[in-house]
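Protein chains in written order, with our numbering: chain A, 2 to 328; chain B, 87 to 409; chain C, -15 to 509.
Now the structure itself:
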């Protein structure tokens, strides 16, 4: 039997479709769409729109995980960039606001990358530093309160629309497209996968493993700051205490659902986004279903377990065995 | 180090102040062990305490515990050592206060709890507790809604606080009690919005879809104003007119909700007053000057605000409090 | 060399019981991995009170032997008898219960627990369900006194030197009523004094009748302590000898030499014109070295030349290769290429100069198992071009297909993950990775290790072919006949320094063996 990947993505795509169908079953208007103020409106759109921040985070996280790393700081970086954007929004021109927020994300990523690649601190520890400290920085920026703004330019990143699609959706799709183009169009994808799968062999083959590692953390910081801008634009304010809180775990989960190994190596950008959408589709489904909120986490855990089991090579081996026996 | 030196400065300043004011016997010095500044409301409580003290010519020393009980215990010991006239305590947890409060009692320094209570076992160790009643807050919200809709049928959606938080449980309980007698009012959907704007908005979006574009929703009840601010955005984006098509009532009375009320996008909020120190000072001065022993629990007022209460003015006055 | 002070325990005084049945008798032990034999019919006899050295180069099968005897891996065939009774442990734990304890080079105890806790882990003295800490410490101290080890048994094990940790591990093993002690490279990280302490303990234990199987690659230590020697090579038994009756030269021949036969042993008559080295050598390493790693050496390499690096395990062959490739940065000396001085601080620097390196550790440092054969082959070319100048998929396919055909990589499927290929085909793909960069110098560290016979011959054929095409090669191999068959020059190493260079007629197995075995005295001067 060949170990190549004709079935790649199949568990994720089927999981997404199944979750959507379940949502349809609990909420018959799930697929209804209409135009509201020139913007598509419906639960399906909510899945994509609400899933955008985590999808952005997972686009960053998936490359970090591919190098056998992990970035716990993305939630805190979201809070920092959101706080910067919201505090500057009403006094500075939009390009300055965006540059400041994205710049902060790039800097945070650079910091993580240097800790991991140059100082050789374990990724989980290195990024934990910023996970804790970063939220504090965000709170300092907002002075502990929710900073609101009225700048329509920044608000557009949350509430605007392009061709009827919410801006966060278009933004995520564009980042996915650009990232896929850059990573797969250049040799970066191969070098990242080689670095993650076998760093020593890669270094001996002449790959700049250190620069590669720094680059993926910078990229992750960039994606997190974009997510932070979207989250702030969504509520027209920066809530340093809660923005991006625990979202790093959702992003890691999305990447794992996408079939990436936390031990590095092969990755798929598109499946990482799909992983984020599966998580969001579940969240939306739970909200629509009208369960008591006490069940939210349990339902979520069960669905995630099923998706992960569906990918388990051992279980699929068992499936083959059972199929043979019954045949 | 920094804290130590600021403490010494504070100490020197109060000693100086004490020396200067030794003549007027009515002067009081109160030590306040504050939890921290984890939320806007907490910051407002601190700043209101300061202004209430100033109003009464009371010297107030505030120690920020940064969410740690050990810091609060240290602060209380240092207040006892300085021989303050009374200690205010906003306890970060409910238990573990026995020994330090006994020390205060032995030093004959009355302790007043602010905002939160401690375990009943410690009842003898403090003079009184000034807190709001979160069940009552829910009731006030529910009663307003019952009165406003009258006998018309009304489907309510509820945005709960964090699952398991006592405030969330109590505010739900109070609201449910208040609308229990009004059979025309039904809570059709209830989900947690984690007390945050972002989640409030997301949950409201799904409520709107689940309830046929929101047409069947008559009112939204949110356990705090932040979730309501998010929900208002969700309604506006869905083409609904919050405050007109859909009634809103929430709790806390943070400044931003008054902006919404002033704009006609929200209807009512129930105040969780940041002024816990005011009633505490009243009770303290009565106790000190006339020996009046206050009741064990002083419940703060859960005031209802609507468009009739000049929301713009309230917003302006609250804005500077640190929310 | 000074003798250890305490000799009273010496086994020479103790008379082992007459061996009706030997303590341990291993017969016909065999083990294959994926069809490739790692052990083929090995017999080893360990007597009561004997220190028995198990020798062989990397890949000879020593570790596999230990694991198969102790049940860490299942054996395919053969028997293991303990005092005549056959045993078949299924895990190290079961082997320990049978009386066979193994102490590995990497101490497998828990550094954060106390010495006493480590000694009694899993068998703590208990009373009423509680560990009797005091009793445990008393017994630990008493036990270690037997080993002349007077240390605070309450302190964490990690506070002590590696030597002490080894002794504690041995004490634990012995105290668990072990009758056979297997020590896998116990001296690799010890200094001379610590080795002495360890040897004293070993002699003492042998004196009590324990049998000790001792794996090492330090020949001096073998002669200092062992009674008998068993030599393995390529998974086969070369022989079992009394140490006292085995000259050092003969031992090295057993370890490195093959029966001289077949065509490979002949030094090929090379065309003088083909191999004439360019005057002065194009690539010159001068005074190249790194303190504590490899002593400074000179090496001049002409194009089309094949230089063999010979020496025993641990002599500094691989270390030299890593220095040549910049994988380890030299702290002295310089490199000139065609008269230009060149910086060599990283593999990237080396690759920029047209160097390539196939490391000995093929799985951990060579292949990227998860990636396809195609991706593995283009990896070095792509790394040199940089991420922003990708090879198109068509170029990649073209390169992969060319080398798969040229080197006969099987199966000829460029999209197969390389981890699924056999060792020989992985090695060919690694060669392809470097050949694709059109290198001028290729450094091959044990290119034929762990490779089946067919692929072995092919790789040697390839090496010969490459040097006729003007490529310079530095080849490390434990197979001396192999080196002799293609090398123009052989550099012999010992104790991390170059001790001899053989050229022309002098390149033959005997000369190399003599150079390796030669007394170290002349060097001391």
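Cβ coordinates follow ideal geometry from the N, Cα and C atoms, glycine included. Just so it is clear, the structure is predicted and the values come from calculations on it, not from any experiment.
Beta strand (DSSP E) containing residue i: first to last residue?
{"i": "residue 385 of chain B", "result": "383 to 385"}
{"i": "residue 241 of chain B", "result": "240 to 246"}
{"i": "residue 118 of chain C", "result": "First-last for residue 118 of chain C: 117 to 129, but that is the alpha helix (DSSP H), not the beta strand (DSSP E)."}
Give me the Cα-Cα distance between residue i and residue j, rounded to the nearest whole angstrom.
{"i": "residue 36 of chain C", "j": "residue 213 of chain C", "result": "6 Å"}
{"i": "residue 212 of chain B", "j": "residue 125 of chain B", "result": "26 Å"}
{"i": "residue 326 of chain C", "j": "residue 383 of chain C", "result": "29 Å"}
{"i": "residue 86 of chain C", "j": "residue 454 of chain C", "result": "49 Å"}
{"i": "residue 364 of chain B", "j": "residue 138 of chain B", "result": "6 Å"}
{"i": "residue 237 of chain B", "j": "residue 228 of chain B", "result": "14 Å"}
{"i": "residue 130 of chain C", "j": "residue 124 of chain C", "result": "10 Å"}
{"i": "residue 166 of chain C", "j": "residue 160 of chain C", "result": "14 Å"}
{"i": "residue 131 of chain B", "j": "residue 306 of chain B", "result": "27 Å"}
{"i": "residue 74 of chain C", "j": "residue 54 of chain C", "result": "8 Å"}
{"i": "residue 220 of chain B", "j": "residue 311 of chain A", "result": "46 Å"}
{"i": "residue 295 of chain B", "j": "residue 43 of chain A", "result": "7 Å"}
{"i": "residue 11 of chain A", "j": "residue 270 of chain A", "result": "15 Å"}
{"i": "residue 351 of chain B", "j": "residue 240 of chain A", "result": "21 Å"}
{"i": "residue 180 of chain C", "j": "residue 300 of chain C", "result": "24 Å"}
{"i": "residue 262 of chain B", "j": "residue 32 of chain A", "result": "33 Å"}
{"i": "residue 191 of chain C", "j": "residue 392 of chain C", "result": "57 Å"}
{"i": "residue 251 of chain B", "j": "residue 284 of chain B", "result": "18 Å"}
{"i": "residue 170 of chain B", "j": "residue 408 of chain B", "result": "27 Å"}
{"i": "residue 380 of chain B", "j": "residue 215 of chain B", "result": "10 Å"}
{"i": "residue 382 of chain B", "j": "residue 331 of chain B", "result": "44 Å"}
{"i": "residue 394 of chain B", "j": "residue 115 of chain A", "result": "58 Å"}
{"i": "residue 460 of chain C", "j": "residue 177 of chain C", "result": "32 Å"}
On the criterion of 16 or more Cβ atoms from any shown chain inside 10 Å, does residue i qualify as buried, or is it exposed?
{"i": "residue 215 of chain A", "result": "buried"}
{"i": "residue 112 of chain A", "result": "buried"}
{"i": "residue 125 of chain A", "result": "exposed"}
{"i": "residue 127 of chain B", "result": "buried"}
{"i": "residue 20 of chain A", "result": "buried"}
{"i": "residue 95 of chain B", "result": "Annotation note: pLDDT 48 at residue 95 of chain B (below 50); position unreliable, coordinate value reported separately. Residue 95 of chain B is exposed by the Cβ-count criterion."}
{"i": "residue 103 of chain C", "result": "buried"}
{"i": "residue 51 of chain C", "result": "buried"}
{"i": "residue 3 of chain A", "result": "Residue placement at residue 3 of chain A is poorly supported in this model, since its pLDDT is 32, which falls under 50; the coordinates still yield a value, given next. Exposed: under 16 other Cβ atoms inside 10 Å."}
{"i": "residue 161 of chain B", "result": "buried"}
{"i": "residue 220 of chain A", "result": "buried"}
{"i": "residue 199 of chain A", "result": "buried"}
{"i": "residue 452 of chain C", "result": "exposed"}
{"i": "residue 180 of chain A", "result": "buried"}
So the candidates are the options; which of them puts its Cα closest to the Cα of residue i?
{"i": "residue 26 of chain A", "options": "A/289, A/310, A/293", "result": "A/289"}
{"i": "residue 123 of chain B", "options": "B/391, B/360, B/256", "result": "B/360"}
{"i": "residue 237 of chain A", "options": "A/282, A/58, A/123, A/161", "result": "A/161"}
{"i": "residue 407 of chain C", "options": "C/13, C/357, C/375", "result": "C/357"}
{"i": "residue 121 of chain C", "options": "C/139, C/100, C/140, C/199", "result": "C/100"}
{"i": "residue 263 of chain A", "options": "A/110, A/63, A/233", "result": "A/63"}
{"i": "residue 156 of chain C", "options": "C/184, C/172, C/126, C/206", "result": "C/126"}
{"i": "residue 208 of chain B", "options": "B/255, B/180, B/195, B/194", "result": "B/180"}
Tell me the residue span of the alpha helix (DSSP H) that contains residue i.
{"i": "residue 196 of chain A", "result": "189 to 198"}
{"i": "residue 340 of chain C", "result": "First-last for residue 340 of chain C: 339 to 342, but that is the beta strand (DSSP E), not the alpha helix (DSSP H)."}
I want to know whether the region 287 to 297 of chain A touches the region 65 to 75 of chain A - three or more CB-CB distances under 8 Å.
Because the criterion of three Cβ pairs below 8 Å is not met, the region 287 to 297 of chain A and the region 65 to 75 of chain A do not touch.
Check: How do the region 94 to 106 of chain A and the region 204 to 218 of chain A stand: do at least 3 beta-carbon pairs fall below 8 Å, yes or no?
Finding: In this structure the region 94 to 106 of chain A does not lie against the region 204 to 218 of chain A, because fewer than three pairs of beta carbons, one per stretch, are closer than 8 Å.
Stretch pair the region 270 to 285 of chain C + the region 302 to 313 of chain C: three plus CB contacts closer than 8 Å
The answer is yes - the region 302 to 313 of chain C touches the region 270 to 285 of chain C, with three or more Cβ pairs under 8 Å.
_At least 3 beta-carbon pairs within less than 8 Å: the region 492 to 502 of chain C vs the region 290 to 305 of chain C_ = Enough Cβ pairs lie closer than 8 Å, so yes.
Stretch pair the region 425 to 437 of chain C + the region 329 to 344 of chain C: three plus CB contacts closer than 8 Å: The region 425 to 437 of chain C makes contact with the region 329 to 344 of chain C: 3 or more CB pairs, one atom from each, lie closer than 8 Å.
Quiz prompt | the region 387 to 404 of chain B touching the region 343 to 350 of chain B, judged by at least three CB pairs closer than 8 Å | solution = Under the Cβ criterion (8 Å, minimum of three pairs), the region 387 to 404 of chain B counts as touching the region 343 to 350 of chain B.
*Are at least three pairs of beta-carbons, each pair with one atom in the region 42 to 61 of chain A and one in the region 246 to 258 of chain A, less than 8 Å apart?*
The answer is yes - the region 246 to 258 of chain A touches the region 42 to 61 of chain A, with three or more Cβ pairs under 8 Å.
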